[in-house]
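Keeping their order, the protein sequence lines are chains A and B.
When we follow this note's numbering, the leftmost residue of the first sequence carries the number 1, and every step to the right adds one.
When we follow this note's numbering, the leftmost residue of the second sequence carries the number 1, and every step to the right adds one.
Backbone N, C-alpha and C define an ideal beta-carbon position, used for all residues, glycine too.
In this text, all values refer to a predicted model and were calculated from it rather than measured experimentally.
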Amino acid sequence: MYNYAPPPTPRITLVEAVDRTSARTLRIPTFRRLNEGWERSAGSSEYLTRFRIFEEMIHELDNLSHLTNDWNAYGSPAPSPNAIEAADRILNALQTIFLRPTRILPSAEGGVAITFLSASQNRAVMEALNNGERFILLYDLNGNNETIEWQITDPSSSMALLERLRNHLRGSRLASA
Amino acid sequence: MKGLEIIFGARDLPLLENQVDTNSAFSDEELLYRRVSTSELTGGELDPSRLNSISFDKEIDGAPSVLRGRFSSPLDAIHVDCAGGKDKSDCLVYFMAVGEIPGPLRSGDGRDLVFPIVHRPLPRCGAHSVIGCCEEGNPEKTYVVPSRKVRNDLRAKLATRLLPITQIFDIATKKPITPSFTP
């Protein structure tokens, strides 16, 4: 005689579920070994190191959007979204040639300042201001300096300027003031 | 004598607007004080990128602020009355002499600009002054807004001339430090 009763459904108990999960978690040491291996390779990967450095810089840049006007008690305006966006583009360009800034700061004139120190006496700051001004200030510890305006939208001149910035930070001399 | 009282710490509050003499001329030796946030320093070094609070506005009252030493002590620079009511007690104080102010600096259009200190007392901060800007030789010293090139030139030079106040002033005793050697 045919039996029309549905086949019995296997009941999955909590114990079984835990067992199955535990079966996987037993492999945690393996996972850890794999993860540590990945971390080691990430540490030796120049690409990932660059990526992380600039990721942190972009995070610092994002934090500037939380500033309010008069953040320094000298009446300075907070960086505008446009200035932050321009600074973001600058960071992208810097990442391309891996020219690492020292810090990202708000500018007293309203905007974002990206600063560079070097082992020599040469220093530099790139500023993207709220009023649309974009420039690089190359200077040294003797007060010599040069201001170069920068049109971020022109890729060829941007690369030339970044190379000049790199050479300056490597120690090329500025004309005496 | 008022200046000496301040230097030797005879008072704790900044002088008020009605306690200072705006007709008193600046000498080249008079010191100027400016507070600097610790976040603006890297390894104790101050440069234009750290000194991100030098700005000029369309009006002279928007020019960079300093306190004139004749009517203030270095600690006034971080006093709430001289910081727009904000607590800036964690800031450092830097100084320079009036004679160290850079200039003349040449602008892109060939004008030579100088930066006279102008005493602009505030109601609760009588020593408040600004670094003005005018064309060299202009007898009326009419304020002009400096170009970007000149502003940056000024910032780069100021950064190398401003020095930490601890070089000449003992914060604990609120007294000037007497050099123990002859340079």
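Could you pull the DSSP bridge partners for F95 (chain B) from this structure?
B:Y33 and B:L163
Tell me which residues of the region 73-86 of chain A have at least one Cβ-Cβ distance to chain B shorter than 8 Å, keeping chain order.
A73, Y74, G75 and S76
Flag this pair as touching only if the region 105-117 of chain B and the region 80-92 of chain B have three or more C-beta atom pairs under 8 Å; answer yes or no.
no
Can you tell me the Cβ-Cβ gap for S129 (chain B) and C91 (chain B), rounded? I've got them flagged as a contact below 8 Å.
At roughly 18 Å, the Cβ-Cβ gap does not stay under 8 Å, so S129 (chain B) and C91 (chain B) are not in contact.
Let me know if M159 (chain A) comes out buried or exposed under the rule of 16 or more other beta-carbons within 10 Å of its beta-carbon.
exposed
Less than 7 Å between the beta carbons of L105 (chain B) and V150 (chain B), yes or no?
yes
Is F71 (chain B) buried or exposed, if buried means 16 or more other CB atoms sit within 10 Å of its CB?
buried
With a threshold of 8 Å, are at least 3 pairs of Cβ atoms found where one atom belongs to the region 105-118 of chain A and the other to the region 71-87 of chain A?
yes
Just how far apart, CA to CA, sit P74 (chain B) and D170 (chain B)?
10 Å
Look at the alpha carbon of K157 (chain B) and the alpha carbon of D28 (chain B), and state the distance between them as a whole number of angstroms.
17 Å
List the residues of chain B whose Cβ lies closer than 7 Å to the Cβ of Y139 (chain A), in chain order.
P48 and A156
Which residues in chain B sit within 8 Å of E133 (chain A), going by Cβ to Cβ distance?
R148
Is the number of C-beta pairs between the region 160-170 of chain A and the region 115-125 of chain A that are closer than 8 Å three or more?
yes
What do you get for K175 (chain B), buried or exposed, if any count of 16 or more other CB atoms within 10 angstroms of its CB means buried?
exposed
Indicate whether D76 (chain B) and P14 (chain B) have their beta-carbon atoms separated by less than 7 Å.
yes
Around the Cβ of Y74 (chain A), are there at least 16 other Cβ atoms within 10 angstroms (buried) or fewer (exposed)?
buried
Cβ-Cβ distance between L33 (chain B) and V98 (chain B) below 7 Å
Reading the sequence as shown, one finds Tyr at residue 33 (chain B) and not Leu. No, they are not a contact pair.
Length of the line joining the Cα atoms of T173 (chain B) and D12 (chain B):
12 Å
Where E60 (chain A) and E140 (chain B) are concerned, what is the direct C-alpha to C-alpha distance, given to the nearest angstrom?
45 Å
In chain B, what lies closer than 9 Å to D70 (chain A) by C-beta?
G84 and K86
For E45 (chain B), which of helix, strand or coil comes out of DSSP?
strand
Quick one: does E140 (chain B) have its CB under 7 Å from some CB of chain A?
no
Which residue from A:P106, A:T96, A:E146 and A:E46 puts its Cα closest to that of P155 (chain A)?
A:T96
Using 7 Å as the limit for Cβ to Cβ distance, is D12 (chain B) near chain A?
no
Is the CB-CB distance between F135 (chain A) and E149 (chain A) below 7 Å?
yes
Reduced DSSP secondary structure (H/G/I, E/B, other) of K184 (chain B)
The displayed coordinates of chain B run from 1 to 183. Any statement about residue 184 (chain B) would go beyond what the structure contains.
Using a Cβ-Cβ cutoff of 7 Å, what residues of the region 156-170 of chain B are near chain A? List them in chain order.
A156, K157 and T160
Proximity below 7 Å, CB of L169 (chain A) to CB of N122 (chain A)
yes
Delimiting residues of the beta strand (DSSP E) encompassing P106 (chain A):
R103 to S107
Tell me, please, which residues DSSP counts as bridged to L129 (chain A).
A:G111
Using DSSP's beta-bridge definition, name the partner residues of A124 (chain A).
A:F116 and A:L138
Which whole-angstrom value describes the C-beta separation of N152 (chain B) and L141 (chain A), a residue pair presumed to lie in contact below a C-beta threshold of 8 Å?
Incorrect: roughly 15 Å between the Cβ atoms, too far for contact.
Measure the alpha-carbon distance for S98 (chain A) versus V125 (chain A) and round it to whole angstroms.
One point to set straight first is that residue 98 (chain A) is Phe, not Ser, in the sequence displayed. When rounded, the distance between both Cα atoms is 16 Å.
Measure from the C-beta of G111 (chain A) to each C-beta in chain B and report whether the shortest distance is under 7 Å.
no
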